[in-house]
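Written below as structure tokens is the structure these notes are about.
2 protein chains.
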Amino acid sequence: MQETTDRPYHHGDLRRAVIETAMGMLDEEKGWQFTLREVARRAGVSHAAPYKHFPDKAALLSEMARLGFDRLRETLEALPPSKSIRDEFGSTARAYVEFGKANPALYRLMFGADAGEAADVHLSERALAAFGVMIDLLERGQRGGVLRKRDTRGQAAACWALLHGITMLTIDGLLLPQKVGPDPLDAAIATLLEGLAN
Amino acid sequence: MQETTDRPYHHGDLRRAVIETAMGMLDEEKGWQFTLREVARRAGVSHAAPYKHFPDKAALLSEMARLGFDRLRETLEALPPSKSIRDEFGSTARAYVEFGKANPALYRLMFGADAGEAADVHLSERALAAFGVMIDLLERGQRGGVLRKRDTRGQAAACWALLHGITMLTIDGLLLPQKVGPDPLDAAIATLLEGLAN
DNA sequence: ACCTGAACACCGTTCAAGT
DNA sequence: ACCTGAACACCGTTCAAGT
Chain A
16 MQETTDRPYH HGDLRRAVIE TAMGMLDEEK GWQFTLREVA RRAGVSHAAP YKHFPDKAAL
76 LSEMARLGFD RLRETLEALP PSKSIRDEFG STARAYVEFG KANPALYRLM FGADAGEAAD
136 VHLSERALAA FGVMIDLLER GQRGGVLRKR DTRGQAAACW ALLHGITMLT IDGLLLPQKV
196 GPDPLDAAIA TLLEGLAN
Chain B
16 MQETTDRPYH HGDLRRAVIE TAMGMLDEEK GWQFTLREVA RRAGVSHAAP YKHFPDKAAL
76 LSEMARLGFD RLRETLEALP PSKSIRDEFG STARAYVEFG KANPALYRLM FGADAGEAAD
136 VHLSERALAA FGVMIDLLER GQRGGVLRKR DTRGQAAACW ALLHGITMLT IDGLLLPQKV
196 GPDPLDAAIA TLLEGLAN
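Those protein sequences? They're chains A and B, same order as listed.
Note that the first sequence covers residues 16 to 213 in my numbering.
Note that the second sequence covers residues 16 to 213 in my numbering.
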């Protein structure tokens, strides 16, 4: 994680170091609005050095967003299979929201306007790849007769929107767990499932 | 909207002018990351002047967010009544998303981390007030037997999350209207309704 | 009571110059 | 080929001083 070895002043692999330092900073208190100069400082190089590896700050941000989507996809793909599609649906949904709660600054960054429009094409590809796990689940559910046969992209849009919405509202502290009654996350997933299932 | 009259160098109501200028800037190309100094410039005062009316930038931002939630609430409350709860539900949902699409920078600001934690209490109150229209609808639907009798806050969470998610994903350009097939917004609302309705 | 100007500590970005 | 230092044009914020 950290290069505690001597830095040979032509600092082995700065590109990687910049990205790792930056990703690490997201976990801190003020993970949002982090600064390029601070990244350079922590990486032990001058504030101009990162510009040899990234055209500008937005490029670094969108690289980080890309990494975030890859991590999310890997997390969802690595989930142990469940007994039923319904259970698998539930645990996938919960894992999605959990990822956002565990990495709020990264999750915001992934969907932030900061990354700019330049990388949008690549980013949406990665985003869709991450959500592909859910789409597979929908298709399997439809084929198996567990889910209603509706336009899959419409169902996928509903799923993604609901999960994204819950995640964002939770990060923003607007969807607090209730003292009484069911967890809003569970309740929302249940409602969604009632809309999808036969 | 604009004070084209002479400015009496003790500029009548600077507080209001700052807010209006700032809100107007949100509609422009680079509405996000707008700067306090630019607001002051456009309002025709020195860059230090706003500090006599707002403790800092975050305070202005959260005032703007508050205004945004009020506008959203007014928009939803002003909708003409529909024949059925289902129709009313659909048109309210569409109006919600439409508000976000029409004011993307404002909508992002309303849910942005920029506003800080200071005003969170007031902000969530306004946010919940705006969403109260939808909650009323859910309760009416349950009482009338149109909707399933589930925990209302769970249903509300599902509705809000879905609408918020669709709005955000649409603003981010990740939920493009399909060339073929139904609009993802309509499809998502339909799916949600199937989960809510009897 | 309300506003200005200069000042401070920061950014992102560029570019000549160093190794 | 990779990095540094100084420089530029900007921020947000503060504070003495002006009307």
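C-beta atoms are modelled at their ideal positions from N, C-alpha and C, and glycine is treated no differently.
The structure presented is a predicted model; accordingly, all values stated were derived computationally and were not measured.
CA-CA distance, Leu75/A to Ile34/A, rounds to 7 Å. In the DSSP annotation of this structure, Arg165/B is not part of any alpha helix (DSSP H), being labelled neither H nor E. The alpha-carbon of Asp187/B is positioned some 7 Å away from that of Ala128/A. Spanning the alpha carbons of Leu191/A and Ala73/B requires a straight line of approximately 23 Å. For Glu92/B, the CB contacts under 8 Å within the same chain, skipping 5 residues up- and downstream, are Val148 in chain order. For His179/A, the residues of chain B that pass the 7 Å Cβ criterion are Gly180, Met183 and Leu184, in the order they occur in the chain. Burial of Glu78/B is indicated by the presence of at least 16 other C-beta atoms within 10 angstroms of its C-beta. The segment 136–154 of chain A makes contact with the segment 101–120 of chain A, as at least three CB pairs between them are under 8 Å. Under DSSP, Ala212/B forms a beta bridge with Leu162/B. DSSP places Trp47/B in the coil class of the three-state scheme, outside both helix and strand. Non-local beta-carbon contacts of Gly46/A in its own chain, meaning distances under 7 Å to residues more than five positions away in sequence, involve Met40 and Ala120 in chain order. Looking at Asp135/B, Ala173/B and Gly115/B, the one whose alpha-carbon comes closest to that of Ile150/B is Ala173/B. Closer than 8 Å to the CB of Gln170/A there is at least one CB belonging to chain B.
Here Phe104/B carries a helix assignment [DSSP, helix/strand/coil].
Using a CB distance below 9 Å, the part of the segment 132–151 of chain A facing chain B consists of Glu132, Asp135, Leu138, Ser139, Ala142 and Leu143, ordered along the chain. Ranked by Cα distance from Arg168/B, the first of Thr90/A, Gly196/A, Lys98/A and Ala212/A is Gly196/A.
Taking 4 residues as the shortest admissible run, the segment 31–93 of chain B contains the following complete alpha helix (DSSP H) segments, listed from N- to C-terminal end: 51–58 and 72–92.
Contact check for Thr185/A against Gly83/A fails: the beta carbons are separated by 8 Å or more.
Across the structure, Ala212/A and Leu162/B are spaced so that their CA atoms are roughly 16 Å apart.
Per DSSP, reduced to three states, the secondary structure at Ser139/A is helical.
Within its own chain, the residues whose Cβ lies closer than 6 Å to the Cβ of Ala32/B, once the five positions on either side in sequence are excluded, are Ala58, listed in chain order. Membership of Pro119/B in the alpha helix (DSSP H) is indicated by the continuous run Pro119 to Met125.
Excluding sequence positions up to five before and after Ile100/B, its CB lies within less than 8 Å of the CB of Leu152, Arg155, Gly156, Gly159, Val161 and Leu162, all in the same chain and listed in chain order. A direct Cα-Cα distance of roughly 44 Å separates Glu53/B from Ile204/A.
Contact of Leu189/B with chain A by beta-carbon distance below 7 Å involves Ser139 and Ala142.
Within chain B, the C-beta atoms nearer than 7 Å to that of Leu207/A come from Ala173 and Gly210, in chain order.
Here the alpha carbons of Glu140/A and Asn118/B stand approximately 26 Å from one another.
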